[in-house]
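Visitor: Protein chains in written order, with our numbering: chain A, 1 to 542; chain B, 543 to 1084.
Just so it is clear, CB atoms sit at the ideal spot from N, CA and C, and this is done for glycine as well.
Number of protein chains: 2
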Amino acid sequence: MKCSANYVPLTPISFLERSAIVYRDRTSLVYGDVSFTWKQTHERCRRLASALCRRGISRGDVVACLAPNIPETYELHFAVPMAGAILSILNTHYDSAMVAALLTRSRPKIMFVDHEFLDVAKGAFKILSEKAIPLPCLISIPDPHGSVSRATTAATAYDSLLAESDGDDEFVVVRPDDECDPISLCYTSGTTSTPKCVVYSHRGAYLNSLSSILLTEMKTMPVYLWTAPMVHCNGWCHAWVVAAQGGTNVCLRNVTAKGIFDSVANHGVTHMGGAPTILNMISNASASERRPLPGRVAVLTGGAPPHPRVLSEMEEQGFDITHAYGLTETYGPGTICAWQPEWDALPLEARAKLRARQGVQHLGMEGVDVKDPVSMQSVARDGKALGEVMFRGNTVMSGYYNDAKATEEAFRGGWFRTGDWGVMYPDGYVEVKDRSIDIIVSGGENVSTIEVEAVIFSHPAVFEAAVVGRPDERLGETPCAFLKLKEGHAATEEEIVAYCQERLPRYKVPQTVVFEDLPKTSTGKTQKYALRAKAKAIKDLA
Amino acid sequence: MKCSANYVPLTPISFLERSAIVYRDRTSLVYGDVSFTWKQTHERCRRLASALCRRGISRGDVVACLAPNIPETYELHFAVPMAGAILSILNTHYDSAMVAALLTRSRPKIMFVDHEFLDVAKGAFKILSEKAIPLPCLISIPDPHGSVSRATTAATAYDSLLAESDGDDEFVVVRPDDECDPISLCYTSGTTSTPKCVVYSHRGAYLNSLSSILLTEMKTMPVYLWTAPMVHCNGWCHAWVVAAQGGTNVCLRNVTAKGIFDSVANHGVTHMGGAPTILNMISNASASERRPLPGRVAVLTGGAPPHPRVLSEMEEQGFDITHAYGLTETYGPGTICAWQPEWDALPLEARAKLRARQGVQHLGMEGVDVKDPVSMQSVARDGKALGEVMFRGNTVMSGYYNDAKATEEAFRGGWFRTGDWGVMYPDGYVEVKDRSIDIIVSGGENVSTIEVEAVIFSHPAVFEAAVVGRPDERLGETPCAFLKLKEGHAATEEEIVAYCQERLPRYKVPQTVVFEDLPKTSTGKTQKYALRAKAKAIKDLA
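1) Looking only at C-alpha atoms, which of A:His42, A:Leu210, A:Ala64 and A:Cys180 sits nearest to isoleucine 139 of chain A?
2) Grab the span of the beta strand (DSSP E) containing valine 198 of chain A for me, first residue to last.
3) Just checking my contact of glutamate 1006 of chain B with leucine 1025 of chain B at CB under 8 Å: how many whole Å lie between their CB atoms?
4) Nearest to lysine 258 of chain A by CA position, among A:Thr248, A:Met281, A:Asp438 and A:Lys39, is which residue?
5) With a threshold of 6 Å on Cβ separation, who are the neighbours of glutamate 493 of chain A within its own chain once the five nearest residues in sequence on each side are excluded?
6) Would isoleucine 538 of chain A be called buried (16 or more neighbouring beta carbons within 10 Å of its own) or exposed?
7) As a quick exercise: from B:Lys544, B:Ser1000 and B:Ala866, pick the residue whose alpha carbon is nearest that of proline 545 of chain A.
8) Does the segment 426 to 445 of chain A come close enough to the segment 351 to 362 of chain A to have 3 or more Cβ pairs within less than 8 Å?
9) Determine the direct distance from the alpha carbon of cysteine 45 of chain A to that of leucine 87 of chain A, and round the result to whole angstroms.
10) Within the 8 Å Cβ cut-off, does tryptophan 885 of chain B reach chain A?
11) Fully enclosed by the segment 1025 to 1080 of chain B, which beta strand (DSSP E) runs are 3 residues long or longer?
12) Are there any heavy atoms of the ligand ATP lying less than 7 Å away from the beta-carbon of alanine 498 of chain A, as far as the coordinates show?
13) Using the C-alpha atoms, what's the distance from valine 462 of chain A back to leucine 485 of chain A?
14) Which term fits tryptophan 421 of chain A, buried or exposed, when burial requires 16 or more other beta carbons within 10 angstroms of its beta carbon?
15) With 8 Å as the limit, tell me which residues of the segment 520 to 536 of chain A have their beta carbon closer than that to any beta carbon of chain D; keep them in chain order.
16) Excluding sequence positions up to five away, which residues of its chain have a Cβ less than 7 Å from the Cβ of valine 938 of chain B?
17) Which word fits aspartate 701 of chain B, buried or exposed, when buried means at least 16 other C-beta atoms lie within 10 angstroms of its C-beta?
18) Are there three or more Cβ pairs, one per stretch, closer than 8 Å when the segment 303 to 317 of chain A is compared with the segment 276 to 290 of chain A?
19) Does tyrosine 425 of chain A come within less than 8 Å of chain B when only Cβ atoms are used?
20) Are the C-beta of phenylalanine 416 of chain A and some C-beta of chain B separated by less than 8 Å?
21) What three-state label does DSSP hand glutamine 245 of chain A in the structure shown?
22) Out of B:Cys739, B:Leu905 and B:Leu896, which one is the CA nearest neighbour of proline 968 of chain B?
23) Shortest alpha-carbon distance to leucine 48 of chain A belongs to which of A:Ala85, A:Arg18 and A:Ile21?
24) Rounded to whole angstroms, what is the Cα-Cα separation between tyrosine 742 of chain B and aspartate 603 of chain B?
25) Counting only Cβ-Cβ distances shorter than 8 Å, please list the residues of the segment 887 to 907 of chain B near chain A, keeping chain order.
26) Excluding the 5 residues preceding and the 5 following serine 978 of chain B in the sequence, name in chain order all residues of the same chain whose CB lies nearer than 6 Å to its CB.
27) Among all the DSSP beta bridges, which residues are the ones paired with cysteine 480 of chain A?
28) Rounded to whole angstroms, what's the CA-CA distance from glutamate 342 of chain A to methionine 218 of chain A? Just pull it up for me.
29) State whether the segment 366 to 383 of chain A contacts the segment 450 to 458 of chain A, with contact taken as three or more CB pairs (one from each stretch) at a distance under 8 Å.
30) Pick out whichever of B:Gly1018, B:Ile998, B:Cys739 and B:Phe557 has its Cα sitting closest to the Cα of lysine 947 of chain B.
31) Could you name the residues of the same chain whose beta carbon sits closer than 7 Å to that of alanine 83 of chain A, not counting the 5 residues immediately before and after it, in chain order?
32) Please state whether DSSP places phenylalanine 578 of chain B in a helix, a strand or coil.
33) With DSSP collapsed to three states, give me the class of lysine 2 of chain A.
34) Excluding five sequence neighbours on each side, which residues of the same chain lie with their C-beta closer than 7 Å to the C-beta of asparagine 988 of chain B?
35) What's the C-alpha gap between cysteine 879 of chain B and alanine 205 of chain A?
36) Are valine 250 of chain A and serine 263 of chain A touching if we call contact CB-CB under 8 Å?
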């Protein structure tokens, strides 16, 4: 028998409602001088949901947000679903053309815009108007901590919208009819193409949140520093995780080394997340930016595996790194390199090798495998045979928004195809070798660009490095390295090549080395497609 | 889009399959000389499921088990669901008549019986035969650690059944079509009536397992000592929890103080569970039974709140107690007294008062409330107004097995009605005052028997105590105390009454005191209905 007593659709809304009881007077969020308790955050989200409904928002509508990691962005993670709507956060690094393109796709009825990004939004609205696409209702978020402050705007301000529901004690929170109903739209990074619009469900968000807590062995009442962008997989679902555990959100408008150390010192941060660039930022912080840590800080990182040098430096400094792997399509982390206690006894290099692996699925993911993308057979579990990394489970996206064709393609064969190439070790741990599009085929040999990058990065003068294939008449392609040196350090092309020759087989050694800043996507990933174009344009010197 | 890539019915089977990869070579279970790894446990369960299917077990069939906390009982928690069937563990304290009654209700096709309980099972089969009820196929579990060892029996032995699937590499594990399909049947303690047969679902078992991990902040790879019976709510779902976290199960055929201390010392136990009687056993262990603990042990306890004296004694000894509250109908724990850090600063008595409360719902339970059972209105949140404690959420049972009427009654009003009386404090914490049937109404005043028991128990000579109502012409009922003294201690009726008079209002003081052993249910709870009958039979002395 299924009834309201024993069946409630899973949704992160439950996390907030519970924390409003269990952690009612504890700090939910702090941002500069602003701070709230869980009771207040719950009440504010409820009122905002009520106001959204009064503005005509109903089940399945999209509400967009163009703002950084500020309190309002956090509140929208609950307020929008509590109005039955779907939250779509847009990256503040996007320009008007990109914002217009994404608005055209998702057609939000209401859009929240931080004052700093009003011009971007207005530019996007202009493009929409020209195409006669209906504009969303604009709600502005004035932020005293923002670098741009506009006293007047025609748009309703966030607090005024909140005030529209004053005295509405009757509002009943809208909960999903079906737990597979969408809760948010998230855009992929667009390292290989324009961003794809991924649909998350209430069920997936709920289960992924619990899995994330277990993945990091997070205790109740954590203090979470928002260094990972909320726009990226809803902060790897941590917008909901922090509510589930009754923790404190420490918001940070701009992420700087000083901001990180200050926040940790002032608020006793216990957890944070961040792409490898954040780790680099901490590890390379100057003495004046640093502050003593009040306790150890657990850092969840994704993307490329952190270099052993960065890992050991950060651990010495009091940061414990957990390396996870996933995609926007897997709600953020899908695997984790679960550490086996006996590995502690291995020599440093062996430990680093084990740790660089992407590992095993977390508790909420049903399976990860490395398969031949055509036959769908699992590759040999030998740590060598390359195949496509694939996932299945309740923490895989519902699909791409309004794009049945792309969704079917991604799920062909009953697994989600990541587009990443990897190997499977005999112990069941996966290691990602490259994006399939990034793999270099040189003289018939597969070259993992990640492997070459790791070698270059281990050179003491190198700050960051990226390797792509450069067309070559004889070999098809050859590795071409782009790199940026640390301030005050020097290295020549010949030195880098010689360094690689000592450490790599001949066919993996870069034939070309370019010194320059690496172009980045809005989420901090290197834009390899841009580098590939550059590599192609380099005249052959031979 | 819902497909196999992004939707998998929730089931604890996933926990075992994941641990067979992530924790493959770690010890899954240890029992005397026997020990397995997770890879082996997974393989054994798979083979057992295959053998069950070959024996004709199919979706929805019931498989019963009459055995204590031994490895085979543990394996059946996975093997039976992996054959698509429903596991029904029977209490080894039941007699043949009770076993026959429960088999008549659930009609298992196969029944596993530990050698020690073969006579009970045979007695039950005789009763079934007389009623022309078809008998389940009997599989015997010979246990070298059992007190009775029978070399021969007509039944197939457990290992022979396992061998029936030798060479069957093709078997595909049966997974639930719908995650709300039943996974097990659990019987209530029967403190107020004959045991009721509660249905658990795959979804509920999965979600409650995750909630239990979070509730105790359990890390991965715990070492779990089986002091709580697997028959009770599937060991409060810990049969599945330990697999989810890749822990080690330490099985214990008979629970004794010596057995507990030896297991903790030999295996580095980190977690255990147990009714208050287990806490009493530890706290009163003799010097010869004790062993030094290798580390702190987290103990999850349910039922009556542990007395502050027991709590502080046990903490000094290295046991950290978490007090949870729930019923068979809520998969075990449904609430926990979530500790607020600032309570640490309060005086001992205030802390004990706060700690004695049943608290707030765990993360997987949607709600707990105290309501007027007729109007379904929440009672005042003042810590005084009595009402019925009610639950709702995904970790509430599916219903009573084949008993739509009782199920509807339990869920009337859209909440699960516990039958427990309690109050709600302003901070949202619930305190259970009594079973509704146990409440004494004396001279028009409600007397919580739990409150009176707590006072009596605080007397230094008292080992355990139970209070029930005794019919009284003038007042309706008066409190009547049954109690057992500690060995080597003495106290008179007058002393006990005087002790209560100093600490309770007049109408709550027992008018009758009886010294004797308390009758217990098979799960260690005091049988108050038996005491009520006794109290009724006591001649009025006045």
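Guide: With the structure as the only source:
1) A:Ala64
2) 197 to 201
3) 7 Å
4) A:Met281
5) Val513
6) exposed
7) Residue 545 of chain A is absent from the model: chain A starts at 1 and stops at 542.
8) yes
9) 13 Å
10) Chain A places no beta carbon closer than 8 Å to that of tryptophan 885 of chain B, leaving this residue out of the contacts.
11) 1054 to 1057
12) As presented, the structure is devoid of all ligands, the ligand ATP included, so that no description of it is given.
13) 4 Å
14) buried
15) Note that chain D does not occur in the displayed structure, where the protein chains are A and B.
16) Apart from the 5 residues on each side of it in sequence, valine 938 of chain B sits with its Cβ closer than 7 Å to the Cβ of Glu871, Thr872 and Phe958 in its chain, given in chain order.
17) exposed
18) At 8 Å Cβ cutoff, the stretches touch.
19) Tyrosine 425 of chain A has a beta carbon lying at 8 Å or more from every beta carbon in chain B.
20) yes
21) coil
22) B:Leu896
23) A:Ala85
24) 14 Å
25) Close to chain A, meaning a Cβ-Cβ distance shorter than 8 Å, are the following residues of the segment 887 to 907 of chain B: Val902, Gln903 and Leu905.
26) Gly961 and Trp963
27) According to DSSP, cysteine 480 of chain A bridges with A:Val468 and A:Thr512.
28) 22 Å
29) no
30) Out of B:Gly1018, B:Ile998, B:Cys739 and B:Phe557, B:Cys739 has the C-alpha closest to the C-alpha of lysine 947 of chain B.
31) Ala49, Leu52, Cys53, Ile57 and Val174
32) Residue state for phenylalanine 578 of chain B is assigned as strand, using DSSP reduced to three classes.
33) coil
34) Leu928 and Ile981
35) 27 Å
36) yes
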